Structures are given as C-alpha cells and as structure tokens.
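Trainee: Below are the structure tokens for one structure; questions will follow.
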Amino acid sequence: MDFPCIPTILQTTKRNDNFLRPDRVLIFSSPEQTAILKSACDFLMDRTVDVVPEIFYQLYVIHAVDRGHVIPVVFCLLQRKSTATYKKMINKIVEFAPTWSPRTIMLGFEKAVANVLSNNFPQACLSGCYFHLRQKQGLQKRYEDDVGFAHGIHKVAALAFINPNDVINAFADLSTHLGDGFQSMLDYFEDTYIGRFRANGSRARPLFNIKYWNVYERAKNQ
C-alpha cells in the first residue's frame, strides 16, 4: 500500500471512533547496530524533516562513536516532536537495548528531547552541537548576502570556543561593539543561551545553559 498520507477512511472506525494513533513511532536497528548501541559510550543524535514519508514528521537518527568511527545505529520515524513522542521513542529503544547506558550525548537545541534524555539517563553528559548552535541563529538570507553581518555572526558563534567562565563578559563586550543591526539576534542569543540581564544585577536562567553548548573543553582536548 503506497500513499503519501493516511486516508481519512482509515483514521476512524465505522462508529467514528479513533482508529489511527497519531503518535506512531517506527524504529529500525539491525542486530549489529543494536550491539554497537549497547557497547558504545558516546552518541550523537540528530533529526531531519527532509527525507521522510509524508505520513511522518521527522526522522531521528542515533549515531554511536565506535572505535574512532561515527556509525548510525538507530533510525526512528516519528509523527510528532512532542515530549510524549520522544518518551515513547526512548522507551522503545530501551526495550530492545536494556543495557544502553550512554556516557555522553551530543544533540541539537530542542528542549523536549533534551529533557527526556536527561530524565532517562541522569548519568549522561548532554551537550549541544556547535553546528546547530550556528543554525539556530537563523537570518540565513542576510548572512549569505551581507559579509559584515556574517562576520558578526561568526564572532557570536565563537563564544562556544572560549572558557565557559569568560562567556558572559565576552558576550557583553560583543553586545557593546556590534551595531544596532545585530540587536534582535543578540536579544535572542541572550535569552536562549546566556540569560537575560536583570535590574538587580543577576541573570535569568537561559533555555540552554552555557555548559550545554560550549565546546571549549572538547576543542582543547582534541
């Protein structure tokens, strides 16, 4: 049966009760891939919406670092990007890989999946991917057309490579020296990754704390 979406007639019963479960999760992992999933310690997780059947929303892929190579070990087709969907995804993986115990997980900047992973694997160190950090700043068209603006974006993104203890002061310096054309981007970055400065001199809690997205230690050790 080949169709781009679930036909309406298959979504309900003849009594008009719900038949389709909209939070369906399909997971693919060969025995060899599952064995690597169980034995590896370090993982990368990423999603795409570009190469999925129309009846699904996204493809989530888990990569394991195994003997110096990054190997895809689990493929998950998801119909939503909700906390409930990510919980179901992780629970299903744990069902066939009960000894999966990640030490580190690098992933994108999506709070729902980060929270689920943190709750399921409290021992794991979660960190944001630098590539996604740059993507999250958006403004792609202006970035491509305006060399000066692109240079400013690079300066802000470079905060990921300095000592975490110096990030706030460095961000404050950038905020002072970058022009008004950067203000909306700086506001977003401050709220999301630094924490908004308060009148009492403290900072609000950011959506993603500095240790989550900073790669200083990782870069230093390579």
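Position 199, counted from 1, in the sequence shown is what this note's numbering calls 794; the numbers after and before it change by one each time, with no gaps.
Each residue gets a CB set at the ideal place from its N, CA and C atoms; glycine is no exception.
It should be emphasised that the depicted structure is a prediction, and the values quoted were computed from it without experimental measurement.
1) Measuring straight from C-alpha to C-alpha, what distance separates V689 and W695?
2) What residues in its chain sit with their C-beta under 8 Å from that of F716, if we drop five residues either side in the sequence?
3) For Q653 and F691, what's the separation of their Cα atoms in angstroms?
4) DSSP three-state call for D741: helix, strand or coil?
5) Mind checking who G723 pairs with in its DSSP beta bridge?
6) Which runs of the alpha helix (DSSP H) fall wholly inside the region 667-698 and span at least 4 residues, in chain order?
7) For T680, count neighbouring C-beta atoms within 10 Å of its own C-beta (all shown protein chains included) and say buried if the count is 16 or more, exposed if not.
8) Ends of the alpha helix (DSSP H) at Q778?
9) With 16 other CB atoms within 10 Å as the buried threshold, where does C671 fall?
10) With a threshold of 16 other CB atoms inside 10 Å of the CB of K815, please say whether the residue is buried or exposed.
11) Which residues share a DSSP beta bridge with T603?
12) Could you give the distance in angstroms between the alpha-carbon of F623 and the alpha-carbon of R662?
13) Which residue wins for smallest C-alpha separation from K750, given the options D740, T771, K736?
14) Who are the near neighbours of V656 in its chain, counting only those whose CB is closer than 8 Å to its CB and skipping five residues on each side?
15) Give a yes or no on whether the C-beta atoms belonging to Y589 and S722 are separated by under 8 Å.
16) Among R737, A765, C636, R675, which one has its Cα closest to the Cα of A719?
17) Taking Cβ to Cβ, would you say A659 is nearer than 8 Å to I631?
18) Out of curiosity, what's the CA-to-CA distance linking H664 and E627?
19) According to DSSP, simplified to helix, strand and coil, what is Q718?
20) Please classify N826 as buried or exposed, where buried requires at least 16 other C-beta atoms within 10 Å of its C-beta.
21) Return helix, strand or coil for D645, following the three-state DSSP convention.
22) Would you list the one or two residues that DSSP bridges to P749?
23) Exposed or buried, R798, counting other C-beta atoms within 10 Å across all chains shown (16 or more means buried)?
Mentor: Per the coordinate set shown:
1) For the purposes of this step, residue 689 is taken as the residue at position 94 of the sequence shown. For the purposes of this step, residue 695 is taken as the residue at position 100 of the sequence shown. Approximately 7 Å, taken between the alpha carbons.
2) For the purposes of this step, residue 716 is taken as residue 121 along the sequence shown, with counting starting at 1. So the qualifying residues of the chain are S696, P697, I700.
3) Here residue 653 corresponds to residue number 58 of the sequence shown, with the count starting at 1. Here residue 691 corresponds to residue number 96 of the sequence shown, with the count starting at 1. Cα to Cα, Q653 sits roughly 22 Å from F691.
4) As a first step, residue 741 must be located in the sequence shown, where it is residue number 146. Looking at D741 - three-state DSSP - the assignment turns out to be coil, as it is neither helix nor strand.
5) Counted from its first residue, the sequence shown places residue 723 at position 128. DSSP lists L702 as partners of G723.
6) If we require 4 residues or more, the alpha helix (DSSP H) runs fully inside the region 667-698 come out as 678-691.
7) As a working note, residue 680 is residue 85 in the sequence shown. By the neighbour-count rule (16 or more Cβ atoms within 10 Å), T680 is buried.
8) As a working note, residue 778 is residue 183 in the sequence shown. Counting along the chain, Q778 sits inside the alpha helix (DSSP H) bounded by residues 778-784.
9) Translated into the one-based positions of the sequence shown, residue 671 becomes position 76. Counting Cβ neighbours within 10 Å, C671 comes out buried, since at least 16 surround it.
10) In the sequence shown, residue 815 corresponds to position 220, counting from 1. By the neighbour-count rule (16 or more Cβ atoms within 10 Å), K815 is not buried but exposed.
11) If you number the sequence shown from 1, residue 603 lands on position 8. DSSP lists no partner for T603.
12) The residue labelled residue 623 in the question sits at position 28 within the sequence shown. The residue labelled residue 662 in the question sits at position 67 within the sequence shown. Approximately 22 Å between the Cα atoms of the pair.
13) Counted from its first residue, the sequence shown places residue 750 at position 155. Checked all of D740, T771, K736; the closest Cα to K750 is T771.
14) On the sequence shown, position 61 is the one that residue 656 refers to. So the qualifying residues of the chain are M640, D641, R642, T643, P667, V669, F670, C671.
15) Here the chain comprises residues numbered 596 to 817, so residue 589 is not present and cannot be evaluated.
16) Here residue 719 corresponds to residue number 124 of the sequence shown, with the count starting at 1. Per the Cα distances, C636.
17) On the sequence shown, residue 659 is found 64 positions in, with the first residue counted as 1. On the sequence shown, residue 631 is found 36 positions in, with the first residue counted as 1. One thing to note: A659 has its Cβ within 8 Å of the Cβ of I631.
18) Counted from its first residue, the sequence shown places residue 664 at position 69. Counted from its first residue, the sequence shown places residue 627 at position 32. C-alpha separation (whole angstroms): 15 Å.
19) Reading the sequence shown from its first residue, position 123 is the one you call residue 718. Note: Q718 maps to coil in three-state DSSP.
20) An answer regarding residue 826 cannot be provided, because it is not within the stretch 596 to 817 covered by the chain.
21) For the purposes of this step, residue 645 is taken as residue 50 along the sequence shown, with counting starting at 1. Looking at D645 - three-state DSSP - the assignment turns out to be coil, as it is neither helix nor strand.
22) Against the sequence shown, residue 749 aligns to sequence position 154. Residue identity check: residue 749 is His in the sequence provided, not Pro. Paired residues: none, contrary to the question.
23) The sequence position of residue 798 within the sequence shown is 203, counting from 1. Classified as exposed, R798 has fewer than 16 neighbouring CB atoms from the shown chains inside 10 Å of its CB.
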